[in-house]
Amino acid sequence: MSMEHPSPPPALIRIPVRIVVLAIVLPVRMAWDALTASARLLDRTLLRPTGRGLAWLFHHTLTLPAHWLYRCLLAPLGRGLAWVFTGVGRGLAWVFTGLWRGLARVFTGVGRGLAWVFTGLWRGLAWFFVRVGRGLAVLGRGIAVGAGWLWRGASAAGVWLGKAVFVWPWVGLWRYVVVPVCRYGIAVPAAWLNREVLTRLGGALLFLLEKLVFVPLAALFRYLLVPLFRYGVAVPAVWLDRYVLSPLGRGIGWSFRQAGRGLAWFFPRAGHGLAVTALWLGRAVFVWPWAGLWRYVVVPLVRYGIVVPVVWLWTRVLAPVGREVRDALAMCWRVAGFVSRAVGRALKWVAWNLVGRPFAWAWTRVVRPAGRWARDHVWAPARGIAAAAGRAAREALASTRASVREALGSARATVREARRDAWRALVGGARMTEPGEPEVARARTLGSTTNVPGAAPGPEISLRKRG
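So for the sequence shown, the UniProt record's numbering puts the first residue at 1; every next one is plus one.
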């Protein structure tokens, strides 16, 4: 059996490893699935509806009222004020232009009369415009007071309606639905599951992992590898160095020193034979023993005492256990996903039957009919009343605008008539007709008793009687 292609590990390794890994991975996978499900639920039920509700609230509480206020109050009021001030300015310009022209023509002869007329006319105009200004001020004050009361009422109604629609239902839902469901449907079962199941299961799994993996590895290292290295390598090497090599080296050194001294005394001029002899002797003493020790002692001891056990441990124990741990992680992650989904479906079924079904029944049987009744009997009449009030306000504004227009027209006609009377009083002459209203000639009816509609009958005298 070769080391490169080891046989598959037995079930004795595979089954405990997969059990331990499944026990470790299952709580992690369940916690991960719970977190992802909670995030999706929070996004779907809280974040997105909250964003849409805030957008709707901003649109209906700020954008639409501001647009309605601009379209129905500020813009008509601005146009009316612009029209009023434009008409007043044009009337004043026309009056003062006419007066200036008349005064320029008769200034030399009618100074006192013109001054008197101008003073009286100025007083009359001042009195008229003071009255008109007071009337406009009173009208504006009344409009402002009415708009203020209307805005206060609308604000109070909007605040109460906003609380009734956006605050009280969410407060009640949070206080009486979400908090009890999260507390007694998620937190309490999760705490009980963690305390009674996962904690004990984790302790048991850690105990199994310790007894099945860590304790055997520690015993293998302590009672096999350490004694093997100590008594197979370290102790023989120390003993060999202490009791063989060191005394042998010291004896060989002493022998060489004595041999050198003797040879130097007997053969002061040794030749080639002595050198060869010394070379062979040095090899026999210093090279061949060490080479034999390395080849026949150290190499077999290291190979069969360290390398072969370590390779066997790696190929037969550590590598199979690592591959099994890797495969077990992948498989147990999928199995934990199936278990987590099953637990999630069970919790969903329990939550639906404990919370969802009663809530759906209450929504369809209580809340929805109450909401429809409020929509049909409260909201629709209130909206109709508000629409009628808006139409009445627009009609009142239109009638006020028409009355102001008529008042300004009558004021212009009065000023025009006063100017003409002043002109006739200054220069004399017959009463002038209104411009744009020429005198209509009498229509003849040739002796008939009927007249043309809208025309006075002419004299019925023939040409023969006229002579």
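We treat Cβ as the ideally placed atom computed from N, Cα and C, and that holds for glycine.
Taking 8 Å as the threshold (C-beta atoms), are residue j and residue i in contact?
| i | j | result |
| --- | --- | --- |
| Leu208 | Val20 | yes |
| Arg29 | Ala219 | no |
| Arg401 | Gly89 | no |
| Ala386 | Gly124 | no |
| Ala411 | Phe128 | yes |
| Gly356 | Ala37 | no |
| Leu397 | Gly87 | no |
| Ala422 | Leu121 | yes |
| Val238 | Ile306 | no |
| Gly185 | Leu35 | no |
Run the CB neighbour count on residue i, radius 10 Å, all protein chains shown included, and call it buried at 16 or more, exposed below.
| i | result |
| --- | --- |
| Val17 | buried |
| Pro27 | buried |
| Ile15 | exposed |
| Val167 | exposed |
| Val415 | buried |
| Ser155 | exposed |
| Ser340 | buried |
| Leu54 | exposed |
| Cys182 | exposed |
| Ala328 | buried |
| Val310 | exposed |
| Val25 | buried |
| Leu74 | exposed |
| Gly135 | exposed |
| Glu324 | buried |
| residue 470 | Absent from the model: residue 470. The displayed extent of the chain is 1 to 467, so no value can be given. |
| Leu47 | exposed |
| Leu41 | exposed |
| Gly133 | exposed |
| Leu205 | buried |
| Ala443 | Residue confidence for Ala443 is low, a pLDDT of 48 falling below 50, so the modelled location carries little weight; the figure read from the coordinates is stated next. Exposed is the call here. |
| Thr364 | exposed |
Among the options, whose alpha-carbon lies nearest the alpha-carbon of residue i?
| i | options | result |
| --- | --- | --- |
| Arg303 | Val321, Ala346, Leu228 | Leu228 |
| Leu201 | Arg123, Ala23, Phe96 | Ala23 |
| Ala351 | Ala187, Leu301, Ala284, Glu406 | Ala187 |
| Pro169 | Ala380, Val378, Ala411, Arg368 | Arg368 |
| Leu173 | Gly409, Phe359, Leu225 | Phe359 |
| Arg141 | Met331, Leu77, Trp373, Thr97 | Leu77 |
| Arg405 | Gly91, Thr61, Trp68, Arg71 | Gly91 |
| Pro236 | Val297, Val177, Phe286 | Val297 |
| Ser255 | Arg242, Trp280, Val285 | Val285 |
| Leu240 | Pro289, Val132, Ala31, Pro49 | Pro289 |
| Gly148 | Val244, Trp312, Leu69 | Leu69 |
| Val95 | Val427, Arg420, Pro300 | Arg420 |
| Leu426 | Trp116, Leu193, Leu217 | Trp116 |
| Ala31 | Met331, Tyr176, Val159, Ala191 | Ala191 |
I'd like the span of the alpha helix (DSSP H) that includes residue i, first residue to last.
| i | result |
| --- | --- |
| Gly390 | 380 to 427 |
| Trp363 | Counting along the chain, Trp363 falls outside any alpha helix (DSSP H), and DSSP gives it neither H nor E. |
| Phe207 | 199 to 209 |
| Leu193 | Where Leu193 is concerned, there is no enclosing alpha helix (DSSP H), given that its DSSP letter is neither H nor E. |
| Ala219 | 215 to 220 |
| Phe229 | 226 to 229 |
| Val244 | Here Val244 belongs to no alpha helix (DSSP H), and DSSP marks it neither H nor E. |
| Leu173 | 168 to 173 |
| Gly356 | Per DSSP, Gly356 belongs to no alpha helix (DSSP H) and is neither H nor E. |
With a threshold of 7 Å, establish whether the CB of residue i neighbours any heavy atom of the ligand MG.
| i | result |
| --- | --- |
| Gly51 | In terms of ligand content, the structure shown is empty, and the ligand MG therefore cannot be addressed. |
Checklist entry - Which full runs of the alpha helix (DSSP H) of 4+ residues lie inside the stretch 295 to 335, going along the chain? => result Complete alpha helix (DSSP H) runs here, min 4: 299 to 302, 308 to 313.
Checklist entry - Can you list the beta strand (DSSP E) stretches of 3 or more residues lying completely in the stretch 25 to 97, in chain order? => result With a minimum length of 3 residues, no continuous beta strand (DSSP E) run stays inside the stretch 25 to 97.
Next on the checklist: Just to confirm the assignment: which complete alpha helix (DSSP H) runs, minimum length 4, are found wholly within the stretch 127 to 165?
Outcome noted: DSSP runs (the alpha helix (DSSP H)) wholly in the stretch 127 to 165: none.
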